[in-house]
Amino acid sequence: MAALLRARKIFDKGILGMLRELVGALDAEIAECTYVETRYNHSLENVSDYKTWGPERLTPEAERLSNALAVLIELYATLSAVHDILRAEKAPEGLRSSA
Numbered sequence: 004m005a006a007l008l009r010a011r012k013i014f015d016k017g018i019l020g021m022l023r024e025l026v027g028a029l030d031a032e033i034a035e036c037t038y039v040e041t042r043y044n045h046s047l048e049n050v051s052d053y054k055t056w057g058p059e060r061l062t063p064e065a066e067r068l069s070n071a072l073a074v075l076i077e078l079y080a081t082l083s084a085v086h087d088i089l090r091a092e093k094a095p096e097g098l099r100s101s102a
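Numbering (the numbering used here), first residue to last: 4 to 102.
Listed below in structure tokens is the structure:
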């Protein structure tokens with residue numbers, strides 16, 4: 004995919020599928036690098052039913068991957084819009100040629 008981007012073939016048909024696969028792979032990797040940090044509260048003032056809670060934390064690698072994921076999702080959305088516009092521009096040509 005990087006070779007296609009360097010060759011400026013960003014508008015080729017298969018690029019959106021490749022981006023979708025890359026987003027899925029990054030998402031799975033981020034989930035794998037996420038852990039739950041368990042915290043306890045045994046205080047007498049704690050009247051809730053739960054004595055523990057666990058916020059999710061990201062490893063530094065997962066943090067970097069999540070930043071890259073955000074950029075790729077924006078790229079995917081932008082490219083999808085461009086592909087839609089390109090298809091919309093070709094639609095009248097197809098109608099004219101069939102008439």
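Where a beta carbon is used, it is the ideal one built from N, C-alpha and C, also for glycine.
Where does the unbroken beta strand (DSSP E) through Y79 begin, and where does it stop?
Looking at the DSSP string, Y79 is not in any beta strand (DSSP E); the run it does join, the alpha helix (DSSP H), is P63 to S101.
So is A80 buried or exposed if we call it buried at 16+ other beta carbons inside 10 Å?
exposed
Just checking: is the beta-carbon of A5 within a distance shorter than 8 Å of some beta-carbon in chain D?
No chain D appears in the structure shown, which is made up of a single protein chain.
Assess contact between the stretch 67-74 and the stretch 82-96, defined as three or more Cβ pairs (one per stretch) separated by less than 8 Å. Is contact present?
no
Using the Cα positions of L98 and E92, report the straight-line distance between them to the nearest angstrom.
11 Å
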